[in-house]
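Position one of the sequence shown corresponds to residue 1 (the UniProt record's numbering), numbered consecutively onward.
So the structure is just underneath, and the comments pick up after that.
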Amino acid sequence: MSASAIPAGFDDVVRAVEQLAAGRPVIVTDDADRENEGDLIAAGGLLTAQTLGFLVRHTSGYICSPMTRQRARSLGLDLMVPDNQDPRGTAYTVSCDAASGVTTGISAADRALTIRTLADPDSTATSLHRPGHVLPLIARAGGVLERPGHTEAAVDLCRLAGLEPVAAIGEIVDDAGALMRVEALRAFSAEHGLTMLGIDRLAACLRGLSAFQRSEAVELPTDRGVFEAIAWSRADAIGASESGASGPAEIAGAPAEHLSLAAPGARPAPVPLVRLHSECLTGDVFASHRCDCGQQLDAAMARVQAEGGAVIYLRGHEGRGIGLVNKLRAYHLQSQGADTVEANELLGLPGEAREWRDAADILAELGLRRIRLLTNNPLKVEAMRRAGIDVVGAEPLEIPARPQNLAYLRTKRDRMNHALTHLS
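Structure representation (structure tokens):
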């Protein structure tokens with residue numbers, strides 16, 4: 001995607017994208033109630049020793065390299081720690097250096113080469129040595145619309161510029177080493193002729209770019225009644241991974257195609273009931289007893305048929321976003337005693353890898369901006385509210401436990417804060 005695709009009224013975003021595409025750094029600021037600071041961001045694939053030197057001189061010198069989860073996995077960059085305790089959820093991987101062409105790894109030239117190696121689509125895990133002097137960061141799949149951080153902003157801006165989604169970032173500090181705030185950042189921007197952009201502006205721009213291709217609504221008769229089915233696929237390139245997939249498909253490899261099921265014959269409720277159901281092949285299709293997914297889907301369809309609203313079936317969410325192959329690998333580890341979160345971590349994967357941007361956008365397209373959410377999962381409620389959906393309440397969807405999934409459900413209750421009150 002090029003800067004010409006950016007909607008009118010976002011000249012600041014256009015300038016930032018054009019500067020990145022020209023190999024110049026830009027200043028990106030976040031909200032005053034978040035970190036309240038500014039980062040210098042440069043495109044990783046175009047990074048020179050001179051630009052990296054500028055970042056080192058005017059930041060803390062702690063240079064990180066945001067990238068997509070798919071890129072990190074293809075380079076063999078595992079999470080630094082399996083249990084991330086960072087208050088902002090910053091997803092650091094193991095540090096690295098380029099495997100060839102560097103000296104000690106710490107100079108501006110060495111670190112620029114390492115980051116260009118990270119951005120090179122032909123690089124593999126053997127292109128790097130670990131540990132090293134560059135700290136890769138994994139961006140959330142939904143970008144700043146999911147997490148309004150500098151990591152996500154860097155990747156989103158690179159994508160808008162038509163560049164590889166890998167960047168170099170550092171937090172801007174003054175001569176005393178203190179973080180610069182907005183007024184000082186404006187002066188710094190003017191002094192060095194750098195574009196300054198707020199993450200809130202980037203997010204607003206991306207909301208304007210967000211678009212779904214939707215099928216015609218068709219009648220879908222089921223055992224739970226007749227539904228109106230619409231298929232959705234994202235038409236924008238912002239959420240696309242290097243392979244052309246979107247969102248969690250960076251791990252799973254599934255296309256970003258989703259399905260909404262509405263009950264046109266149901267009596268409309270004042271506040272519609274909505275179920276966001278994550279794809280689960282083993283549970284939804286094969287009625288696996290390892291989870292309660294298939295039963296939850298069936299129960300949700302029955303509730304929506306009776307009360308009105310919609311079921312949003314989200315593909316690419318297999319195994320909480322890690323994909324079918326990794327889910328079965330996790331099952332194998334669970335059979336050896338690991339719980340569902342530990343199994344993902346032993347595979348070098350997050351316990352929760354789903355993103356909810358598509359769900360929120362589909363709800364908005366359907367006009368469902370004020371909803372009751374049928375879920376036990378507080379993360380879904382938080383994600384919808386953060387995306388601008390008014391969730392007036394969460395209604396539980398508890399399924400009686402089976403012997404084969406009791407431990408799994410207990411882990412969801414105890415480690416993931418799911419509202420499961422009927423477990424022993």
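For each residue, glycine too, the CB sits at the ideal point set by N, CA and C.
My understanding is that residue i touches residue j, with C-beta atoms under 8 Å, so please give their C-beta distance in whole angstroms.
i	j	result
Arg88	Gly149	7 Å
Ile41	Leu135	The Cβ separation is near 15 Å, so there is no contact.
Leu374	Glu395	5 Å
Ala112	Pro66	About 15 Å separates the two Cβ atoms, so there is no contact after all.
Leu259	Ala302	Actually they do not touch by this definition, with Cβ atoms about 17 Å apart.
Thr282	Arg275	Not confirmed; about 19 Å, so no contact.
residue 425	Ala21	Residue 425 lies beyond the range of the chain shown here (1 to 424); nothing can be said about it.
Asp292	Asn377	Actually they are not in contact, since the Cβ atoms of Asp292 and Asn377 sit about 12 Å apart, beyond 8 Å.
Val392	Arg385	Not quite, the Cβ-Cβ distance comes to about 10 Å (not below 8 Å), so this is no contact.
Can you find the residues in the same chain that come closer than 7 Å, C-beta to C-beta, to residue i, ignoring five residues on each side of it along the sequence?
i	result
Asn344	Ile322, Ala330, Pro350, Gly351
His422	Glu398
Pro25	Leu40, Ile41, Ala42, Thr51, Phe54, Leu55, Leu194
Asp78	Thr93, Val94, Gly348
His129	Cys96, Asp97, Ala99
Ala49	Ala108, Ala109, Ala112
Gly244	Confidence is the limiting factor: at Gly244 the pLDDT is only 36, short of 50, which leaves the residue's position unreliable, though a coordinate-based value still follows. Here the set comprises nothing.
Ala338	Leu346
Asn84	Ala91
Met80	Tyr92, Thr93, Val94
Lys327	Glu318, Gly319
Ala125	Leu75, Gly76
Ser123	Leu75, Thr117
Ala184	Asp174
Please state the DSSP three-state secondary structure of residue i.
i	result
residue 425	Given that the chain is displayed from residue 1 to residue 424, the structure contains no residue 425 and the question cannot be resolved.
Ile106	coil
Gly142	coil
Thr195	coil
Thr51	helix
Val26	strand
Asp122	coil
Leu209	helix
Gly44	helix
Gly162	coil
Thr311	Here residue 311 turns out to be Val, not Thr, going by the sequence shown. Here Val311 sits in strand by DSSP.
Gln296	helix
Glu171	strand
residue 493	In the structure displayed, the chain extends from 1 to 424; residue 493 sits before or after that span and is not available.
Glu352	coil
residue 425	What is shown of the chain runs 1 to 424, which leaves residue 425 out entirely.
Asp39	strand
Arg90	In the sequence as presented, Arg is not what sits at residue 90; that position holds Thr. Thr90 falls in the coil class under three-state DSSP.
Arg386	helix
Ala407	helix
Arg214	strand
Leu185	helix
Leu202	helix
Leu79	strand
Leu179	strand
With a CB to CB cut of under 8 Å and the five nearest residues on each side skipped, what residues in its chain are close to residue i?
i	result
Ala266	Val304, Gln305, Ala306, Glu307, Gly308, Gly309
Thr411	Asp339, Thr340, Val341
Glu242	Any reading at Glu242 needs caution, since the residue's pLDDT is 44, under 50, leaving its predicted position unreliable; the model's value is listed next. Same-chain partners within the cutoff: Thr68, Gln70, Arg71, Pro121, Glu164, Pro165.
Arg207	Leu145
Suppose the cutoff is 6 Å on Cβ atoms and the five residues either side in sequence are ignored; what does the same chain contact list for residue i look like?
i	result
Ala252	With a pLDDT of only 36 at Ala252, under the threshold of 50, the placement of this residue in the model should not be trusted; the figure read from the coordinates follows. Counting only Cβ-Cβ distances below 6 Å, and skipping sequence neighbours, we find Gly316, Glu318, Gly323.
Thr114	Asp97, Ala98, Val134
Glu37	Glu171, Leu179
Ala254	With a pLDDT of only 41 at Ala254, under 50, the local geometry of the prediction cannot be trusted, and the value read off the model is given with reservation. For Ala254, where only same-chain residues beyond five positions count, the Cβ hits under 6 Å are Arg315, Gly316.
Gly23	Leu46
Arg214	Ile230, Trp232
Ala262	Glu228, Ala310
In terms of residue numbering, what span does the alpha helix (DSSP H) encompassing residue i cover?
i	result
Gly321	318–321
Ile362	357–365
His332	324–335
Leu374	Run containing Leu374: none in the alpha helix (DSSP H); it sits in the beta strand (DSSP E), 370–374.
Val226	No alpha helix (DSSP H) holds Val226; the beta strand (DSSP E) holding it covers 225–234.
Leu20	11–21
What residue range is occupied by the uninterrupted beta strand (DSSP E) comprising residue i?
i	result
His129	128–138
Met67	64–67
Pro221	218–222
Ala98	96–98
Leu273	273–278
Asp339	Element bounds for Asp339: n/a, residue is neither H nor E.
Val392	390–395
Gly262	Per the sequence shown, the amino acid found at residue 262 is Ala instead of Gly. 257–262 is the extent of the beta strand (DSSP E) around Ala262.
Does the beta carbon of residue i sit closer than 7 Å to a beta carbon anywhere in chain D?
i	result
Gly89	This model lacks chain D altogether; it includes just one protein chain.
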